[in-house]
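Here's the structure, in structure tokens; my notes come after.
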Amino acid sequence: MLVRQPPVWAQWAAWGTVLAVIPSAVWRVSVGLGVDLGWSDEHLRLEQIPGRGTTYVIQLSVLSIGCAAMTFALVRPWGERFPRWIPWLGGRRVWPAVPATVSLAGGLAVAAIVVVSALRWDGVSGFADNPHSPWAKLMIACYAPAALWPILLFAVTGDYIRRHLRA
């Protein structure tokens, strides 16, 4: 049972964190699996795709979706009480400061990554030689929603903190 039911907007925002990350994850996995999305052979070699870079982009994609999905802990009962199936912790109360602190730290880290990536986009995108190509625009369209992740995470975290301060 939740301390206080989160508002509908917070539940939708939690879903939004995951939905914001999926397009960039699909882009990375596609490139890693060899789908031609406009990167030059030179850039693919630089990124070690195929090879170690493929493993990296797949792991990064799974990790980013997994981390975004952890936002659900802020709006679901398992963010307040450990599920019974977890050894030694099952059924115990989650100390609210833990998810709040982890979420705030994660939001700051993701916000920093978003800002640095935006400022250094030419070095990150693989399209420095042709930034206005349709492929470059598609990549921007896939990565732009990820900028919403920290904003949505901060909003949901703020609601979590508000609900637990009143409890």
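Just add 65 to the spot in the sequence shown (first one is 1) and you have the working numbering. Glycine included, every Cβ here is placed at the ideal spot set by N, Cα and C.
For the 8 Å CB-CB criterion, Gly172 and Thr222 form a contact. Look at the segment 142–195 and you find these whole runs of alpha helix (DSSP H), each 4 residues long or longer: 162–184 and 186–190. DSSP places Val86 in the helix class (H, G or I) of the three-state scheme.
For Gln70, the secondary structure class from DSSP, reduced to helix, strand or coil, is coil. Contact between Trp200 and Leu102 holds, with the beta-carbon distance rounding to 6 Å and staying under 8 Å.
Our two residues, Gly131 and Ala138, have alpha carbons roughly 12 Å apart in a direct line. The alpha-carbon separation between Pro196 and Asp106 amounts to approximately 16 Å. Looking from the CA of Ala90, the closest CA among Gly188, Met204, Val96 and Ser126 belongs to Ser126.
If you look at Gly118, you'll find it in the alpha helix (DSSP H) that goes Arg117 to Ala134. An exposed status is given to Asp194, since fewer than 16 other beta-carbon atoms sit within 10 Å of its beta-carbon. Distance from the CA of Ala206 to the CA of Leu213, rounded to the nearest whole angstrom, comes to 13 Å. Cβ neighbours of Ala78 within its own chain (closer than 7 Å, five residues either side excluded): Leu217, Ala220 and Val221. Where Gly223 is concerned, the enclosing alpha helix (DSSP H) starts and stops at Leu213 to Arg231. Separation of the CB atoms of Gly144 and Pro115 is rounded to 39 Å, and the pair is thereby denied contact status at 8 Å. Taken atom to atom, the span from the alpha-carbon of Arg146 to that of Pro161 is near 10 Å.
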